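Step one of this worksheet: look at the structure below.
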Amino acid sequence: MKDTKKTSEGIRDFALTSMFAALIFLLAFNPIGFINLGFMNATTIHIPVIIGSIMLGPVRGALLGALFGLTSLISAHTHPGLMSFAFSPFVPVPGSPDGGGNILALLVCFGPRILVGVVPYYVDKLLNRVTARSVSLFTAGIAGSMTNTLLVMHLIYFIFKDAYATAQSVSVTAVYSAVTGIIFTLGVPEAIFAGILTAAVCKALFAYRRSQAA
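Using the working numbering, the first residue of the sequence shown is number 12, and each one after it goes up by one.
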């Protein structure tokens with residue numbers, strides 16, 4: 012009986028992982044996945060990664076995050092913008108002496124996105140012990156989204172500060188102010204939206220899971 016239940020849960024988790032993976036690619040190659048604002052891409056692709064992290068755990072969440080990173084790499088070429096060089100080592104870095112890309116773009120592209128699939132699981136698990144589930148899910152959604160925004164923008168600052176200044180036509184001394192501005196004007200609304208959607212979808216999925224287990 013236990014083996015049957017374990018097999019059933021394994022099939023269910025595989026199906027959910029496949030569904031979230033398909034959603035990531037669907038969003039990635041749809042205008043609402045990466046919204047090109049010129050100075051940066053707004054994104055909704057982190058949301059299925061966050062939900063997948065909470066529903067499936069940090070390992071599968073990290074896998075979904077890696078897929079998110081892969082779509083960022085692809086998008087840097089299929090929908091190039093001013094900051095594409097920060098997400099692909101194959102895009103020339105503005106002002107680079109050799110006119111080539113930077114391998115550290117892969118760190119920007121994949122590192123934060125993998126962590127988006129890990130952080131929400133632990134935030135929800137911790138807060139669920141001391142607060143209502145809706146609150147823990149909402150907070151986990153915000154944490155996952157801000158993990159992406161904060162790490163991406165700060166990695167860009169530390170690795171590509173001079174290139175960012177060249178691409179955006181600002182002084183090097185003004186780069187951190189620009190980065191902070193993006194975090195607040197773009198990252199915070201993204202995070203609130205992610206928190207609301209994460210809480211709503213996860214509550215529905217948990218309710219469905221309980222009904223199937225009954």
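Glycine is no exception: its CB is placed at the ideal position from the N, C-alpha and C atoms.
From a predicted model like this one, the values you see are computed outputs, not experimental measurements.
Residue i burial status per 10 Å Cβ neighbour count (16 or more: buried)
i: D135; result: buried
i: F149; result: buried
i: S83; result: buried
i: T209; result: buried
i: S29; result: exposed
i: S99; result: buried
i: A73; result: buried
i: G111; result: exposed
i: N41; result: exposed
i: G21; result: exposed
i: A218; result: exposed
i: R71; result: buried
i: T160; result: buried
i: A33; result: exposed
i: V141; result: exposed
Per-residue DSSP class, three states only, for residue i
i: T54; result: strand
i: R10; result: Outside the shown range of the chain (12 to 225) lies residue 10, about which nothing can therefore be said.
i: I114; result: coil
i: M94; result: coil
i: G63; result: helix
i: V119; result: helix
i: S222; result: helix
i: F36; result: helix
i: D109; result: coil
i: V212; result: helix
i: P200; result: helix
i: V127; result: helix
i: S99; result: coil
i: V104; result: coil
i: S182; result: coil
Span of the alpha helix (DSSP H), counted from its first residue to its last, around residue i
i: S156; result: 144-179
i: L75; result: 69-89
i: I194; result: Careful: I194 lies outside any alpha helix (DSSP H) and carries neither H nor E.
Rounded distance between the beta-carbons of residue j and residue i, thought under 8 Å
i: A176; j: V186; result: 5 Å
i: K214; j: S145; result: 7 Å
i: F96; j: A174; result: 6 Å
i: P200; j: Y132; result: The pair is not a contact, with the Cβ atoms about 23 Å apart (cut-off 8 Å).
i: G192; j: I153; result: With a Cβ gap of about 19 Å, G192 and I153 do not count as contacting.
i: T64; j: G155; result: Per the sequence shown, residue 64 should be read as Ser rather than Thr. At roughly 7 Å, the Cβ-Cβ gap stays under 8 Å, so S64 and G155 are in contact.
i: L197; j: G128; result: The pair is not a contact, with the Cβ atoms about 21 Å apart (cut-off 8 Å).
i: L81; j: T55; result: Their Cβ separation, rounded to whole angstroms, is 16 Å, which puts L81 and T55 out of contact at 8 Å.
i: A151; j: L93; result: No, A151 and L93 are not in contact; Cβ-Cβ is about 32 Å, not under 8 Å.
i: A77; j: I35; result: No, A77 and I35 are not in contact; Cβ-Cβ is about 10 Å, not under 8 Å.
i: Y168; j: V183; result: Not confirmed; about 11 Å, so no contact.
i: T89; j: V130; result: Between V130 and T89 the Cβ distance is about 28 Å, and since that is not below 8 Å, they are no contact.
- Message: Would you call the segment 110-118 in contact with the segment 58-67, where contact means no fewer than 3 C-beta pairs closer than 8 Å?
- Response: no
- Query: Using 8 Å as the Cβ pair cut-off and three pairs as the minimum, do the segment 100-113 and the segment 163-174 touch?
  - Reply: yes
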